[in-house]
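Residue numbers (the working numbering), protein chains in the order written: chain Y, 14 to 216; chain A, 14 to 216.
In this text, a Cβ means the ideal position worked out from N, Cα and C, and glycines have one as well.
Quantities reported herein were computed from a predicted structural model and do not represent experimental measurements.
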DNA sequence: AGTATAATTGACTAAACTGGTCAATGATAT
DNA sequence: ATATCATTGACCAGTTTAGTCAATTATACT
C-alpha cells in the first residue's frame with residue numbers, strides 16, 4: 014500500500030475504510046465490488062488503486078487495521094479487565110459500542126474474514142485474536158454467586174444477556190444516528206440490567 | 014409460476030427453494046444471481062425459468078412459501094402457545110430449529126425480504142407476519158415471578174437467553190450436519206437452562 | 001505570478017457475469 | 001414406435017468487473 018494514505022483527512026480515511034469494511038464484510042473478498050466501495054466512499058476509482066494497489070492489497074490492509082482497532086479498544090493492556098463478571102462485561106460492551114460507533118461493520122468484517130479461504134494471512138494477527146477472545150472469560154471471580162447455581166450455565170445466561178443488550182443498542186445507534194446517540198446514557202441503562210442480574214445471581 | 018413445480022421430487026423442490034432462499038437472503042432481490050441459484054441447486058438455467066417464469070416470480074413465490082412455513086411451524090392454531098414463559102419459549106425454540114433444519118436460510122430471507130423496497134407485495138402476508146410476532150409475547154403468565162423483580166427486564170433476559178441458546182444450537186446443527194443432529198436431545202439440554210431460569214426467576 | 005509536484009478524476013478496456021430464450025435432447029408412458 | 005413431458009446448456013445483448021492512465025485540479029514553493 015501507499016503510506017501517504019495516512020496523510021489524508023482523517024474523515025476521508027474513515028469514509029474509505031468503512032465503505033470497504035462494509036462491502037467486504039457483506040460479500041466476502043471475491044464477490045465484493047471495488048466499484049461499490051468507491052461509490053459508497055465518494056471517491057474516484059483511480060484513487061482507491063492509487064493508495065492500495067489492488068483489491069487484495071486493500072483487503073489485507075483492512076484485516077490488519079481491524080485487528081488493531083479491536084485490540085486497542087478491548088484487549089490493550091491499559092484496559093485491564095475487571096474480576097467482577099458484570100463490571101467486566103459492562104466495560105467490554107461499552108468499548109464495543111465505541112468501536113461500532115466509529116466502524117459499524119468492523120466486527121462483522123473480522124468474523125467473516127477469519128474464515129475466508131481465498132486468502133491466507135500472516136498468522137500473527139489470527140493468533141492474537143484467538144488469544145484475546147480467551148482472555149474475555151479468564152480470571153473471573155465467581156465467589157459471590159449463590160450456592161447451588163450451575164456456574165457454567167449462569168455465565169452463558171449472563172453472556173447472552175449482554176450480547177442481546179449490545180445488539181439492541183447497536184440497533185438504536187443505527188436508527189437514531191451517530192449525533193443523537195449518547196453512549197454515557199447506555200451505561201445507566203445497562204446498570205439497570207446489571208442490578209437485576211446481581212439480584213438473581215449474587216448471594 | 015408453473016404449478017407442476019410441486020410434482021417434482023420433494024428433495025429437488027427443497028434444493029431449489031433452499032438455494033434461492035440463501036441467495037436472495039444474502040444479497041437481496043436486485044443483486045441475487047439466478048446463475049448462482051441454479052449452480053447451488055444443481056439444475057439447469059432453463060429449468061428455473063420454466064417453473065418460475067422470471068426472477069421476480071421466483072422471489073414472490075419464495076416470500077409466500079416462507080410465510081406459510083413459518084406460520085405452520087410456530088403460529089398455527091394447533092400449536093397453542095403455552096402460558097408459562099419457559100414452556101412457550103421452549104416450544105418456539107424447538108419449532109424454529111425444526112424449521113432451520115429444513116430451510117436454514119428461511120428466517121434470514123424473511124427478515125431481509127420484509128424491508129426490501131424493490132418489491133411491494135400483497136400486504137396480506139406482511140400483516141400476518143406482524144400480528145404473529147406480537148402473539149409471541151401476548152398472554153404470558155407472570156404470577157409465579159418473585160416479587161421485587163422488574164418483569165419487563167426479566168422477560169428480556171429470558172428472551173435473550175433462548176435466543177443465544179437457539180443460535181448456538183443452529184451453529185451445532187450446521188457443524189455436525191443434518192444426519193448426526195438429534196433435536197430431541199436439544200430439548201433436554203434446554204431444560205437444564207430452564208431449570209436454572211426457574212430457580213432464578215420463580216418464587 | 002509562475003512553476004513544479006502531488007492529489008484526484010473518470011473515461012476506457014477486456015473479461016466475466018447478468019436475466020432470459022429456445023432448439024435440441026432425454027425420459028416416460030401408452 | 002410415437003407423443004408428451006422434463007431438462008439441458010449454448011447463446012444473446014446488456015451490465016458489471018478489476019484495473020489503467022492521460023488529463024485535470026489543488027497545493028507548495030520560489
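By the CB criterion at 8 Å, residue 111/Y and residue 196/Y fall inside the cutoff. DSSP places residue 78/A within a helical segment (H, G or I) once states are collapsed to three. The Cβ of residue 167/Y sits closer than 8 Å to at least one Cβ of chain A. According to the DSSP secondary-structure assignment, residue 215/Y is paired through a beta bridge with 158/Y. The straight-line gap separating the alpha-carbon atoms of residue 96/Y and residue 90/Y is approximately 15 Å. Scanning 59/A, 16/A, 115/A, 168/A for the CA closest to the CA of residue 99/A turns up 168/A. Taken through DSSP and simplified to helix, strand or coil, residue 96/A comes out as coil. Taking the Cβ atoms as the reference, residue 33/Y lies roughly 31 Å from residue 94/Y, outside the contact range of under 8 Å. If you check each beta-carbon in the region 155-179 of chain Y against every beta-carbon of chain A, the ones closer than 8 Å belong to 161, 162, 163, 166, 167, 169, 170, 172, 173, 174, 176, 177, 178. Three or more beta-carbon pairs separated by less than 8 Å link the region 167-181 of chain Y to the region 169-177 of chain A, which places the two stretches in contact. Residue 28/A is a Cβ neighbour of residue 54/A, given a cutoff of 8 Å. Near chain A, meaning a CB-to-CB distance below 7 Å, the residues of the region 199-211 of chain Y are 205, 206, 209.
Remark: C-beta atoms of residue 47/Y and residue 60/Y do not approach each other more closely than 8 Å. At least one CB atom of chain Y sits nearer than 8 Å to the CB of residue 213/A. About 17 Å separates the Cβ atoms of residue 216/Y and residue 166/Y, ruling out a contact at the 8 Å cut-off.
If you compare the alpha carbons of 38/Y, 71/Y, 155/Y with that of residue 101/Y, the shortest gap goes to 155/Y.
Between residue 107/Y and residue 199/Y, the beta carbon gap of about 7 Å places them in contact (Cβ cut-off 8 Å). In the DSSP annotation of this structure, the continuous segment of the alpha helix (DSSP H) that includes residue 124/Y starts and ends at 119-127. Residue 72/Y is a Cβ neighbour of residue 37/Y, given a cutoff of 8 Å.
Residue 21/Y: not part of any alpha helix (DSSP H); DSSP gives it neither H nor E.
In this structure, residue 43/A places its C-beta atom within 8 Å of the C-beta atom of residue 131/A. Spatial neighbours of residue 65/Y in its own chain (CB-CB distance under 8 Å, excluding positions within 5 residues in sequence) are listed in chain order as 14, 15, 18, 71, 74. In terms of CA proximity to residue 147/A, 88/A leads the group 88/A, 35/A, 212/A, 214/A. Residue state for residue 196/A is assigned as helix, using DSSP reduced to three classes. Of the candidates 57/Y, 129/Y, 207/Y, 129/Y places its Cα closest to the Cα of residue 41/Y. One thing to note: residue 123/Y has its Cβ within 8 Å of the Cβ of residue 83/Y. For residue 163/Y, the secondary structure class from DSSP, reduced to helix, strand or coil, is coil.
Cα atoms of residue 194/A and residue 56/Y: separation of roughly 49 Å, rounded to the nearest angstrom. In terms of CA proximity to residue 150/A, 171/A leads the group 171/A, 163/A, 140/A.
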